[in-house]
Structures are given as C-alpha cells and as structure tokens.
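In the order they appear, the protein sequences are chains A and B.
Following my numbering, the residues of the first sequence are numbered contiguously, the last one being 288.
Following my numbering, the residues of the second sequence are numbered contiguously, the last one being 288.
There are 2 protein chains.
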Amino acid sequence: MPSEAQFAEIAALAGDPARASMLHALMDGRALTATELARVAGVTPQTASGHLARLSTAGLVHVEQQGRHRYHRLATPAIARMMESIMQVAAELAPPRKHFTVGPRDAALREARTCYDHFAGRLGVALADAMIAEGHVELTSDAGILTDPGLNFLGAIGIDTTGLVARRTKRSGRVLCRPCLDWSERRHHLAGSVGAAICRHSLEQGWTIRSAGTRAVLVTPKGTRIFREHFKMQIYQPS
Amino acid sequence: MPSEAQFAEIAALAGDPARASMLHALMDGRALTATELARVAGVTPQTASGHLARLSTAGLVHVEQQGRHRYHRLATPAIARMMESIMQVAAELAPPRKHFTVGPRDAALREARTCYDHFAGRLGVALADAMIAEGHVELTSDAGILTDPGLNFLGAIGIDTTGLVARRTKRSGRVLCRPCLDWSERRHHLAGSVGAAICRHSLEQGWTIRSAGTRAVLVTPKGTRIFREHFKMQIYQPS
DNA sequence: GGAATGCTTCGGGCGTCGCCGAAGCATTCT
DNA sequence: AGAATGCTTCGGCGACGCCCGAAGCATTCC
C-alpha cells in the first residue's frame, strides 16, 4: 500500500538531473559502474556515489560488487516502464519545436535504441509497421496481439517461441503484446514479451549491436538484410 | 524530443509531497478548485497557489476559470498513466508490511476507486475476474482482448459500444484492452477503452457514485445487484 | 611492496525551494 | 456599497540537498 509519500519519494529520486541521467543510461538494462555513471551524469565520482547510494537504498537500482567495480542496473522492469511513461509525458508537453538535431548522439538514439528490453526509435516503429503490414501483429493504442501466422513467422526466423507460447491466454491461446508509444517518432512500436523476444534474438544473432555507452543500437549489414528480406521492412534505411 | 532535463523537471514536479498529493487528488479526472487542493495537500492556499502555478505552466494541469473559482484537472490521460506507473514502482519497492490499515479513508480507496477513467481496487479486480470467468475478456500482463461474446455482453447491459467498435484492429476486428496492475490488490484489472467504457456507464447509471473529495467510489444497492446478476461478480462484497 | 584504480565517507559552501504572514485584486453575495 | 470569498503576489525565513575538495579503504596491476 504505497502512500503518497513513497510516491513523492520515488518521483523526487528521478527528479534530480544527475540521477535522471544515470537512470537514463541504465534504461537499456545493462549494468554500469559508478564511474561510468558519474561521467554520463557530468558529476564527480563522489557526487555520483552519493546519488547511487540513495538510489540503491530506495531500491531503484540493484548493485553488484565485482572486484573493485560496483555494477549498477535498474532493479526491475517496472522502473523502466515508469521512466518510459515519464518520457511520454515529457514528449507530450515538449514544445513542438522542429527537428533541432542536437548532436550525433541524439541522432543515433532517434535512429535505433533499446527501450529496456525492446527496440524503439525509427527501427522500432519500422519493425512494428512491417509486422503489421505482414499481418503478423495487430496493434492499437491499448494493446496488441500476435497472430498465428505471426507466431509461426517468429519461430521460422529462429526465435525461441516457447516463452511466448507459455504466455498465451487461457481461453483462446492468443499471444498478446504491449504497445509502447515512441517519444521520438510519436508512433507505437512493439513492447511486452513479443518485443523483448525480437530484440533479444536480434542482439544474439548479431542483427543489431549495442553502441558503447549509450542506449543506441546499430543495425549490422546482416541485420539490414534480414529485416528487409524476412521482416519485409520497408521504411527504414540506416543513415 | 524530450531531453533528460525535461524528464527530470517533470519527475521533480511530481516529487514534492504537496504537489504529489494534489496530483493524486486529480487522478480521478475531475477538476478541483485551488482551495480544495490546498486542503488535501495540507498547505495554506498561498502555498498551493504557487504549486499550481508551477504545475500549470509546466503543462501538467489544465486550469479553467469559472467565476471566482479556478478549476484544475490533469492536462492529459498520459499524466494519469505516468502516475500509475510510479505507484507501480512504489508498490514493488514498498516493504512487504502487513495490512496496516491506516484509516477509513485508505480502506475506502482499497475497496473501490477510480484510476483516472477506470475502476481499481477490490472492485476493479473483481470486475476483471468476473469478465474473465465469463469469457468476456482475456488478460495477460502485456495486454487484454475483448471477446465477441464480451462485446455483445457490454452492448446488452446498455453500454454504448460504438466507441469500442471504432477502435477495433484493422484486420481481425478485435477490440483490445489495456491491463493495469492494481497497487493495492497486486492483480490486474481492466483499463484502456474497455475499462473506461464500463466505468463511465457505471457512474452514469448510478451503479456506483463518487465519494466526495477522494478517488474512492461507492457501489450502490442497484450496482451491487447488477454486478452480481449480470456481471456474475462473485468475490466482491462491499464492507 | 608500491603505485594506480575504483569507490566511499566526511566536511563545508551555497543555491534552491518550500512554507507562511501580510497584503492586494477579482468576483460574488446581501 | 460593503462584506465575504477565492485566489494571487510579495517578502523573508529556514531547511534540505546538491556539489565538490580532501581524505580514507579496498582491490588490482606491475
């Protein structure tokens, strides 16, 4: 029974610029060291240490000691979803300024990134569009559904679908998936267990690789081919 | 393209105890005056005025002047969803303390409340359970689906389903709905357009009425009968 | 063993922000 | 018109917390 006080505490933890940067950097689900987080937040290590102590005692990040390093990662997926939803509001409220491309780093993020466990950015929405066009998924703002051909398709390209099959609804055996509104594209992409399965497999197979230090991902030539020939992805062209 | 700075700003706005209380009070979607919000936040009117000014200039709340009153409400549904997701994290992180029923007000909230546009609390999950048991909806943690019998059922009890029908997926014509994890019950209930339609109709028909000043709702005798006889709701007994 | 690295705690400076009392408009009631 | 209500702005006080420099452990490298 969370009280408003606990609500405010969590929001306040996320509300500091330095901590927000750190949490952001952890959004891809990986574990980073304190020094790396200090760098992305633009503060000294001792300041970062204090922030990380607060985040971990609050339970937002999980710490794991390994030698002289301390690896931090988001404690639960719910925290990533919370941050997504805050980004959501930020995108809504942001002034409709034109494409002020701030830098190459932001451009890469808009191009393709991970959203904790699934793809977002132009790549994410293009994948979702392709899946919809091929009749593999159906998507509304409320929810999504993986069709039977869609399930077969995922199996055919090598994705282990046992995890998805296990999550089917009791009655009709449908596999459902979660839509996620993309803050950079302002369109929906695939999240939930389906989006996570695609992302995981794509990274394992080397279709995409993580960019060092950021949430951005790069599509490899192999991935470009797979996405075009198998997913029938049209719109996306890596720039 | 929201930056981390805007992210932090929004989180910080929600991170102050007084503002969090106010936002909480607005979670049912209604518009409240500045004085009412000052009272629920436990601050003086002039302090509340400052907070509300910040919230409105940031775009989180929308203000409407009416005579000498200024009515405040959440600017968009996305803000309510954001707060839900923060509550979500708070519930996860909250120590698993026993049922420390703080007071009658909290008890009423746990019993039945609105979650911006749909029902939550024991009533919310009981309704969802009944709909699932009757085969009207299927629900996973990722998403939900309204079955054809379910759509007919909603029409039969008088709900205007044109809004739902309009939101069907292009291909198979399914009506999808959004699950929402209940922080008090730790179970899923119905949200999205389906949950909103049920909640709206229930309030219009007098099956439930809003409790003054809080997000709690009361089930009327008429509502108790309807929920039992038509929805086949089992578990819920108003206490 | 000595040096370097990663991280933490301590102490103090400083800015920000939340809070309220007092006062000032605007609207409404009688 | 005068009083009451709703809300805001102004001024000032107090505290919380963000930040860094300095110093202290722990681990690892040479």
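Ideal Cβ placement from N, Cα and C applies to all residues, glycine included.
- Query: Taking the alpha helix (DSSP H) that alanine 11(A) falls in, what are its first and last residues?
  - Reply: Any property of residue 11(A) remains undetermined from this structure, which presents chain A solely from 50 to 288.
- Considering only residues of the same chain and omitting the five flanking positions on each side of valine 214(B), which have a CB-CB separation below 8 Å? Here residue 214(B) refers to the residue found at position 165 when the second sequence is read from its first residue. Answer for valine 214(B): Leu200, Val224, listed in chain order.
- Closer than 9 Å, Cβ to Cβ, to anything on chain A: give me those residues from the region 50-70 of chain B, in chain order. Met50, Pro51, Ser52, Glu53, Ala54, Gln55, Phe56, Ala57, Glu58, Ile59, Ala60, Ala61, Leu62, Ala63, Gly64, Asp65, Pro66, Ala67, Arg68, Ala69, Ser70
- Query: Which chain B residues sit within Cβ distance under 9 Å of arginine 216(A)?
  - Reply: Numbered from its first residue, the first sequence carries residue 216(A) at position 167. Result: Thr189, Ser190, Asp191.
- Task: Assign threonine 163(B) to one of three DSSP states: helix, strand, or coil.
- Result: Here residue 163(B) refers to the residue found at position 114 of the second sequence. DSSP places threonine 163(B) in strand when its eight states are reduced to three.
- Message: Please classify serine 70(B) as buried or exposed, where buried requires at least 16 neighbouring CB atoms within 10 angstroms.
- Response: Within the second sequence, numbered from 1, the residue matching residue 70(B) stands at position 21. With 16 or more other Cβ atoms within 10 Å, it is buried.
- To which residues of the same chain is lysine 271(B) closer than 7 Å at the C-beta, ignoring the five residues directly before and after it? By 1-based counting over the second sequence, the position of residue 271(B) is 222. The residues are Gly255, Trp256.
- Query: Do the region 190-199 of chain A and the region 226-235 of chain A make contact, defined as three or more Cβ pairs closer than 8 Å?
  - Reply: Segments in contact, yes.
- Task: Quick one: grab the DSSP three-state call for phenylalanine 202(B).
- Result: Here residue 202(B) is taken as the residue at index 153 of the second sequence, counted from 1. DSSP places phenylalanine 202(B) in helix when its eight states are reduced to three.
- Task: Tell me whether serine 221(A) is buried or exposed, calling it buried when 16 or more other Cβ atoms sit within 10 Å of its Cβ.
- Result: Your numbering for residue 221(A) matches position 172 in the first sequence. Exposed, because fewer than 16 other Cβ atoms sit within 10 Å of the Cβ of serine 221(A).
- Query: Does the beta carbon of glutamate 141(B) come closer than 7 Å to any beta carbon on chain A?
  - Reply: The count along the second sequence starts at 1 and reaches residue 141(B) at position 92. Output row for glutamate 141(B): interface = yes.
- Item | Inter-stretch contact (C-beta, 8 Å, three-pair minimum) for the region 53-71 of chain A and the region 57-77 of chain B | yes
- Where does glutamine 115(B) fall in DSSP's three states? One-based indexing of the second sequence puts residue 115(B) at position 66. Glutamine 115(B): strand per DSSP, three-state reduction.
- Item | Terminal residues of the beta strand (DSSP E) in which threonine 96(A) lies | Position 47 of the first sequence holds residue 96(A). According to the DSSP assignment, threonine 96(A) belongs to no beta strand (DSSP E) but to the alpha helix (DSSP H) extending over 94-107.
- Query: Going straight from the alpha carbon of histidine 279(A) to that of leucine 176(A), what length do you get?
  - Reply: Taking the first residue of the first sequence as position 1, residue 279(A) is located at position 230. Taking the first residue of the first sequence as position 1, residue 176(A) is located at position 127. When rounded, the distance between both Cα atoms is 11 Å.
- Answer yes or no: do arginine 122(A) and alanine 87(A) have a C-beta to C-beta separation smaller than 7 Å? Stepping through the first sequence from its first residue, residue 122(A) is reached at position 73. Stepping through the first sequence from its first residue, residue 87(A) is reached at position 38. Not closer than 7 Å, so no.
- Query: Are at least three pairs of beta-carbons, each pair with one atom in the region 155-162 of chain B and one in the region 258-266 of chain B, less than 8 Å apart?
  - Reply: yes
- Message: Cβ closer than 8 Å: which chain A residues qualify as neighbours of arginine 223(B)?
- Response: In the second sequence, residue 223(B) corresponds to position 174, counting from 1. Those are Glu187, Ile194, listed as they occur along chain A.
- Query: Considering only the beta carbon of each residue, do glycine 241(A) and aspartate 166(A) sit closer than 7 Å?
  - Reply: Indexing the first sequence from 1 puts residue 241(A) at position 192. Indexing the first sequence from 1 puts residue 166(A) at position 117. No, Cβ-Cβ distance for glycine 241(A) and aspartate 166(A) is not below 7 Å.
- How many angstroms separate the CA atom of arginine 119(B) from the CA atom of isoleucine 275(A)? Start at 1 with the first residue of the second sequence, and residue 119(B) comes out as number 70. Start at 1 with the first residue of the first sequence, and residue 275(A) comes out as number 226. Their backbone Cα atoms lie some 57 Å apart in a straight line.
- Message: Less than 6 Å between C-beta atoms, sequence neighbours within five positions excluded: which residues of the same chain meet that for valine 112(B)?
- Response: As a position in the second sequence, residue 112(B) is number 63, starting the count at 1. For valine 112(B), where only same-chain residues beyond five positions count, the Cβ hits under 6 Å are Ser105, Arg119, His121.
- Query: At least one CB of chain B closer than 7 Å to the CB of alanine 90(A): is that the case?
  - Reply: Counting from one through the first sequence, the residue named residue 90(A) turns up at place 41. Under the 7 Å criterion on CB atoms, alanine 90(A) is classed as non-interfacial with respect to chain B.
- Query: Can you name the residues that DSSP bridges to phenylalanine 56(B)?
  - Reply: Walking along the second sequence from the start, residue 56(B) turns up at place 7. Partner(s): none; phenylalanine 56(B) has no beta bridge.
- Amino acids of chain A, ordered along the chain, whose beta-carbon sits closer than 9 Å to that of glutamine 283(B): Stepping through the second sequence from its first residue, residue 283(B) is reached at position 234. What glutamine 283(B) touches in chain A: nothing, since even the nearest Cβ is about 17 Å away.
- Near-chain A residues of the region 111-137 of chain B (beta-carbon distance less than 7 Å), N- to C-terminal order: Thr125, Ala127, Ile128, Arg130, Met131, Ser134, Ile135, Met136, Gln137
- Under the assumption that alanine 74(B) contacts serine 98(B) (Cβ atoms under 8 Å), give the Cβ distance between them as a whole number of angstroms. Translated into positions along the second sequence, residue 74(B) becomes position 25. Translated into positions along the second sequence, residue 98(B) becomes position 49. With a Cβ gap of about 16 Å, alanine 74(B) and serine 98(B) do not count as contacting.
- Message: When you compare the CB of glycine 108(B) with every CB in chain A, is at least one pair closer than 7 Å?
- Response: Reading the second sequence from its first residue, position 59 is the one you call residue 108(B). So yes, glycine 108(B) belongs to the interface.
- Item | Residue from Arg103(A), Leu142(A), Ser233(A), Val89(A) whose Cα sits closest to the Cα of isoleucine 163(A) | In the first sequence, counting from the first residue as 1, residue 163(A) sits at position 114. First, the residue type needs correcting, since residue 163(A) is threonine and not isoleucine in the sequence shown. Of the candidates Arg103(A), Leu142(A), Ser233(A), Val89(A), the one whose C-alpha sits nearest the C-alpha of threonine 163(A) is Ser233(A).
- Message: Are the CB atoms of alanine 161(B) and leucine 172(B) within a distance shorter than 7 Å?
- Response: Counted from its first residue, the second sequence places residue 172(B) at position 123. Counted from its first residue, the second sequence places residue 161(B) at position 112. Cβ distance < 7 Å, so leucine 172(B) and alanine 161(B) count as in contact.
- Message: DSSP three-state label for glycine 193(A), please.
- Response: Looking up residue 193(A) in the first sequence gives position 144. Three-state DSSP puts glycine 193(A) in a strand.
- Message: Report the CB separation of methionine 131(B) from serine 134(A) in whole angstroms; it is logged as a contact under 8 Å.
- Response: Counted from its first residue, the second sequence places residue 131(B) at position 82. Counted from its first residue, the first sequence places residue 134(A) at position 85. The Cβ separation is near 4 Å, so the contact holds.
- Item | Three-state secondary structure assigned by DSSP to glutamate 234(B) | Taking the second sequence and counting its residues from 1, one reaches residue 234(B) at position 185. Three-state result, glutamate 234(B): coil.
- Item | Amino acids of chain B, ordered along the chain, whose beta-carbon sits closer than 9 Å to that of arginine 220(A) | Along the first sequence, one-based indexing puts residue 220(A) at 171. Ordered by position in chain B, the residues that pass the 9 Å Cβ test against arginine 220(A) are Ile181, Gly184, Glu187, Thr196.
- Can you tell me where the alpha helix (DSSP H) with leucine 172(A) in it begins and where it stops? Counted from its first residue, the first sequence places residue 172(A) at position 123. Counting along the chain, the alpha helix (DSSP H) containing leucine 172(A) begins and ends at 170-182.
- Message: Bridge partners for alanine 240(A) per DSSP, in chain order?
- Response: Locating residue 240(A) in the first sequence gives position 191, where the first residue counts as 1. For alanine 240(A), the beta-bridge partners assigned by DSSP are Arg227(A).
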